[in-house]
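This report refers to the structure that appears directly beneath it.
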Amino acid sequence: MAKDAIGLVKDAEVKAKALLQDAIQASKKSKQEAEILAEQEYDKIISEAQKEAERIRAKAIEEGESIAGPIIDKGLKEAQALKDLTSKDLDSAVNIIIERVVNANGNS
0 MAKDAIGLVK DAEVKAKALL QDAIQASKKS KQEAEILAEQ EYDKIISEAQ
50 KEAERIRAKA IEEGESIAGP IIDKGLKEAQ ALKDLTSKDL DSAVNIIIER
100 VVNANGNS
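See below:
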(Lines of atoms letter the chains of each structure in order from A and count residues from 1; the text may use other names and numbers.)
(Lines give C-alpha, C1' and ligand atoms only; values in the text may rest on other atoms or scores of the structure.)
Protein backbone atom coordinates (compact mmCIF):
# COMPACT_ATOMS: atom_id res chain seq x y z
CA MET A 1 0.00 0.00 0.00
CA ALA A 2 2.83 2.41 0.84
CA LYS A 3 4.51 1.34 -2.35
CA ASP A 4 1.36 2.15 -4.30
CA ALA A 5 1.11 5.55 -2.62
CA ILE A 6 4.75 6.31 -3.46
CA GLY A 7 4.10 5.25 -7.06
CA LEU A 8 1.05 7.49 -7.25
CA VAL A 9 3.05 10.42 -5.87
CA LYS A 10 5.82 9.81 -8.41
CA ASP A 11 3.27 9.61 -11.20
CA ALA A 12 1.69 12.85 -9.99
CA GLU A 13 5.11 14.49 -9.89
CA VAL A 14 5.85 13.33 -13.44
CA LYS A 15 2.48 14.61 -14.63
CA ALA A 16 3.01 17.92 -12.79
CA LYS A 17 6.45 18.28 -14.33
CA ALA A 18 5.01 17.57 -17.79
CA LEU A 19 2.21 20.08 -17.22
CA LEU A 20 4.77 22.65 -16.06
CA GLN A 21 6.88 22.07 -19.18
CA ASP A 22 3.79 22.36 -21.37
CA ALA A 23 2.84 25.60 -19.63
CA ILE A 24 6.36 26.98 -20.10
CA GLN A 25 6.32 26.06 -23.80
CA ALA A 26 2.85 27.57 -24.23
CA SER A 27 4.03 30.72 -22.46
CA LYS A 28 7.08 31.01 -24.73
CA LYS A 29 4.92 30.47 -27.80
CA SER A 30 2.41 33.10 -26.62
CA LYS A 31 5.25 35.54 -25.97
CA GLN A 32 6.69 34.98 -29.46
CA GLU A 33 3.28 35.44 -31.05
CA ALA A 34 2.72 38.62 -29.04
CA GLU A 35 6.12 39.96 -30.14
CA ILE A 36 5.31 39.19 -33.78
CA LEU A 37 1.92 40.90 -33.49
CA ALA A 38 3.49 43.89 -31.75
CA GLU A 39 6.11 44.18 -34.51
CA GLN A 40 3.41 44.01 -37.19
CA GLU A 41 1.33 46.65 -35.39
CA TYR A 42 4.42 48.84 -35.00
CA ASP A 43 5.17 48.55 -38.72
CA LYS A 44 1.56 49.37 -39.54
CA ILE A 45 1.56 52.46 -37.29
CA ILE A 46 4.87 53.68 -38.73
CA SER A 47 3.61 53.17 -42.28
CA GLU A 48 0.41 55.10 -41.56
CA ALA A 49 2.37 57.88 -39.87
CA GLN A 50 4.68 58.17 -42.90
CA LYS A 51 1.68 58.35 -45.23
CA GLU A 52 0.10 61.05 -43.06
CA ALA A 53 3.37 62.99 -42.94
CA GLU A 54 3.65 62.83 -46.74
CA ARG A 55 0.02 64.00 -47.08
CA ILE A 56 0.69 66.94 -44.75
CA ARG A 57 3.91 67.77 -46.61
CA ALA A 58 2.14 67.73 -49.99
CA LYS A 59 -0.65 69.92 -48.63
CA ALA A 60 1.87 72.40 -47.21
CA ILE A 61 3.70 72.57 -50.54
CA GLU A 62 0.43 73.11 -52.38
CA GLU A 63 -0.61 75.88 -49.99
CA GLY A 64 2.81 77.50 -50.22
CA GLU A 65 2.70 77.47 -54.00
CA SER A 66 -0.80 78.94 -54.03
CA ILE A 67 0.38 81.78 -51.76
CA ALA A 68 3.67 82.32 -53.60
CA GLY A 69 2.19 82.15 -57.10
CA PRO A 70 0.49 85.56 -57.10
CA ILE A 71 3.51 87.17 -55.41
CA ILE A 72 5.86 85.75 -58.04
CA ASP A 73 3.53 86.85 -60.84
CA LYS A 74 3.37 90.37 -59.42
CA GLY A 75 7.17 90.49 -59.15
CA LEU A 76 7.58 89.29 -62.72
CA LYS A 77 5.13 91.94 -63.96
CA GLU A 78 6.95 94.66 -62.02
CA ALA A 79 10.30 93.46 -63.36
CA GLN A 80 8.94 93.49 -66.89
CA ALA A 81 7.55 96.98 -66.35
CA LEU A 82 11.02 98.15 -65.27
CA LYS A 83 12.58 96.47 -68.30
CA ASP A 84 10.08 98.20 -70.55
CA LEU A 85 10.98 101.69 -69.31
CA THR A 86 12.36 103.87 -72.07
CA SER A 87 15.41 106.03 -71.67
CA LYS A 88 13.08 109.05 -71.68
CA ASP A 89 11.24 107.61 -68.65
CA LEU A 90 14.55 106.94 -66.90
CA ASP A 91 15.85 110.45 -67.65
CA SER A 92 12.65 111.89 -66.23
CA ALA A 93 13.02 109.79 -63.05
CA VAL A 94 16.66 110.82 -62.65
CA ASN A 95 15.74 114.49 -63.01
CA ILE A 96 13.03 114.17 -60.36
CA ILE A 97 15.47 112.51 -57.94
CA ILE A 98 18.14 115.14 -58.58
CA GLU A 99 15.61 117.90 -58.05
CA ARG A 100 14.53 116.45 -54.69
CA VAL A 101 18.10 116.00 -53.51
CA VAL A 102 19.05 119.53 -54.55
CA ASN A 103 15.93 121.08 -52.98
CA ALA A 104 16.37 119.04 -49.80
CA ASN A 105 19.94 120.28 -49.33
CA GLY A 106 19.20 123.76 -50.58
CA ASN A 107 22.82 124.39 -51.45
CA SER A 108 22.78 123.87 -55.17
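Under numbering that gives the first Met the number 0, residues 0 to 107 are what the sequence shown spells out, in order. Don't be surprised by glycine CBs; every beta carbon is placed ideally from N, CA and C. Please read these numbers as outputs of a predicted model, since none were measured by experiment.
Check residue i in the structure and name its three-state DSSP category.
i   : result
D83 : coil
Can you determine whether any heavy atom of the ligand ZN sits closer than 6 Å to the C-beta of residue i, and answer yes or no?
i   : result
D90 : Among the components of this structure there are no ligands whatsoever, and the ligand ZN is therefore not found.
To the nearest angstrom, report how far apart residue i and residue j are at their CA atoms.
i   : j   : result
K14 : A33 : 28 Å
D10 : D3  : 10 Å
K87 : I70 : 29 Å
I96 : G74 : 24 Å
E98 : A92 : 10 Å
S65 : E40 : 37 Å
L18 : A37 : 28 Å
T85 : K76 : 16 Å
I60 : S46 : 21 Å
S29 : A48 : 28 Å
R54 : E62 : 12 Å
S26 : I35 : 14 Å
K82 : K50 : 46 Å
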